[in-house]
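Peer 1: Numbering (full-length UniProt numbering), first residue to last: 1 to 504. Even for Gly, the Cβ is constructed at its ideal location relative to N, Cα and C.
1. Sorted by chain position, which residues of the same chain lie with C-beta nearer than 7 angstroms to residue 281's C-beta, five sequence neighbours on each side aside?
2. Might you give, ordered along the chain, the residues of its own chain that have their beta carbon closer than 6 angstroms to the beta carbon of residue 120, omitting 5 neighbours on each side?
3. Kindly indicate the opening and closing residues of the alpha helix (DSSP H) around residue 248.
4. Does DSSP put residue 306 in a helix, a strand or coil?
5. If you measure between the beta carbons of residue 54 and residue 73, is that distance less than 8 angstroms?
6. Using 8 angstroms as the threshold, is the C-beta distance between residue 96 and residue 124 below it?
7. Locate the alpha helix (DSSP H) running through residue 33, then write down its first and last residues.
8. Taking one C-beta from the segment 186–197 and one from the segment 213–222 each time, how about it: are there three or more such pairs within less than 8 angstroms?
9. Based on the DSSP output, what are the partners of residue 55 in its beta bridges?
10. Beta-carbon separation of residue 224 and residue 242 under 8 angstroms?
11. Measure the Cβ-Cβ separation of residue 61 and residue 14 and say whether it is below 8 angstroms.
12. Evaluate residue 65 with the Cβ neighbour count: other Cβ atoms within 10 Å of its Cβ, from every protein chain shown; 16 or more gives buried, anything less gives exposed.
13. Quick one: what does DSSP say residue 82 is sitting in, helix, strand or coil?
14. If you draw a straight line from the C-alpha of residue 230 to the C-alpha of residue 122, how long is it?
15. Using 10 angstroms around the beta-carbon of residue 244, count the other beta-carbons present and answer buried if the total reaches 16, otherwise exposed.
16. Near residue 179, which residues of its chain fall below 8 angstroms by C-beta distance, leaving aside the five closest residues on each side in sequence?
17. Pull up the CB-CB distance for residue 326 and residue 98, whole angstroms please, since I reckon it's below 8 angstroms.
18. Taking C-alpha atoms, which residue in 324, 499, 492 lies nearest to residue 105?
19. In this structure, how does DSSP classify residue 15 when only helix, strand and coil are distinguished?
20. Enumerated in chain order, which unbroken segments of the alpha helix (DSSP H) with a length of 4 residues or greater are wholly contained in the segment 150–188?
21. Cutting at 6 angstroms between CB atoms, please list the residues of its own chain near residue 27, excluding the five before and the five after it.
22. Do you know offhand how far residue 400's Cα is from residue 379's?
23. Determine the direct distance from the alpha carbon of residue 371 to that of residue 10, and round the result to whole angstroms.
24. Would you call residue 87 buried or exposed, if buried means 16 or more other Cβ atoms sit within 10 Å of its Cβ?
25. Are the CB atoms of residue 292 and residue 335 nearer to each other than 8 angstroms?
26. Within the same chain, show all residues whose beta-carbon is closer than 8 angstroms to that of residue 273, passing over the 5 residues directly before and after it, in chain order.
27. Which value, in whole angstroms, describes the spacing of the CA atoms of residue 418 and residue 493?
28. What would DSSP say about residue 264, mapped onto helix, strand or coil?
29. Could you tell me the distance, in whole angstroms, from the CA atom of residue 56 to the CA atom of residue 41?
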């Protein structure tokens with residue numbers, strides 16, 4: 001029960017010491033020192049254009065991703081940059097050369113709602129990206145009223161954070177529209193994202209603008225924060241569906257001030273505006289996740305019918321055929337692994353359900369009753385088979401009689417004389433004897449053809465007369481006298497012994 005409750009906490013399971021407790025063999029690497037080595041290699045490759053100010057330990061939820069605060073020589077003194085080193089994840093689909101090419105492509109990407117990448121670096125172990133450091137933080141920092149350089153647990157733990165702040169209805173419409181426009185741009189240009197969370201959306205509250213972060217994570221092959229929720233919903237398979245579902249969780253968090261506690265939500269708090277509930281029901285409810293809307297369909301909702309900032313143009317990115325093929329390979333790899341894990345999870349849940357059912361008291365009683373009924377049925381069948389076999393043996397048994405034996409048998413008295421036949425009652429009347437026994441059946445196969453046919457069987461004995469119970473009473477008296485016999489009542493007798501020899 002302790003482990004079950006532990007793994008249900010998303011923030012706890014992502015911590016390094018929890019991972020080392022659950023899976024110590026695969027988490028022996030010192031990620032901080034490992035990241036520092038590669039950051040040093042990157043700095044030397046850029047002729048020390050960037051200088052590390054300090055490491056920002058544990059500000060994110062990924063244990064294999066390290067952050068460093070840096071400054072650039074050519075930039076102003078107050079301008080800060082964020083260096084993030086990330087090891088390759090399980091969804092890595094490209095070789096090192098293709099990864100470097102895709103990262104350089106993203107470096108040249110210009111979009112008002114996507115945070116620009118200042119520099120990229122990749123080797124056989126992972127990737128390094130350099131972003132502008134947003135001192136006001138992300139949407140998640142705004143909700144928890146904290147600063148981005150504080151450790152993750154201290155910032156977002158419900159026991160340490162202050163009273164969470166929610167967004168106004170109009171702000172949810174504006175920021176939601178900008179996020180959807182950004183996702184629409186990404187997928188219309190055959191790219192993938194799959195990393196949408198409140199912590200990956202930088203917020204500029206003064207200008208009412210957002211910018212997506214970590215757009216390079218999909219190339220590195222790291223999974224989404226909500227992947228555990230994706231596994232519970234088999235209808236979510238493609239990266240676009242993952243982002244649509246994550247968008248619903250982001251709206252929930254902006255409206256409530258905390259994350260949705262489960263993968264599916266059918267009952268929303270009354271504090272949520274009805275117009276937001278209609279959108280959330282299409283994204284998080286049981287019926288909604290069965291048929292998630294597309295990004296284009298969400299943009300057509302009247303809820304997001306708000307103007308975009310001045311100067312926004314829906315630009316189109318032209319990708320080479322090789323780049324399109326690379327992003328398609330990323331999409332297939334991510335989707336196939338997600339589908340395989342969903343199948344394994346469903347099979348494991350089914351086995352657990354069957355095991356719990358078999359170990360339940362009700363099921364044990366049912367199986368015990370079935371076993372007892374089966375044993376009783378087997379005993380009854382065995383008894384019936386023995387009885388049937390005995391009857392068949394009696395009916396099939398025949399007596400083989402030799403003619404000589406037949407003549408000797410006929411000369412014998414047909415009725416045996418018993419002790420009861422010669423017994424008399426107290427009045428001297430003779431007790432009637434029992435009716436004679438029927439002669440045995442003869443096997444005519446061993447008798448000669450000239451022998452006479454056997455006599456017909458005697459009629460059945462007449463029913464006993466209920467008045468003839470006197471004989472039974474006399475027999476009872478006789479048995480009583482015999483059982484009460486005593487030697488004491490015998491008289492002494494004089495014996496004249498004449499057996500001695502006579503001598504003359």
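Peer 2: Concretely, from the data shown:
1. 288
2. 103, 107, 129
3. 239–256
4. coil
5. no
6. yes
7. 31–45
8. yes
9. 68
10. yes
11. yes
12. buried
13. strand
14. 29 angstroms
15. buried
16. 113, 196, 201, 210, 212, 247, 250
17. 5 angstroms
18. 324
19. coil
20. 152–156, 169–188
21. 19, 20
22. With a pLDDT of only 45 at residue 400, under the threshold of 50, the placement of this residue in the model should not be trusted; the figure read from the coordinates follows. The straight-line gap from Cα to Cα measures roughly 36 angstroms.
23. 46 angstroms
24. buried
25. no
26. 169, 255
27. Low local confidence applies: a pLDDT of 42 at residue 418 is under 50, so the model's placement there is unreliable, with the coordinate-based value given in what follows. Near 32 angstroms, if we compare the C-alpha coordinates of residue 493 and residue 418.
28. coil
29. 19 angstroms
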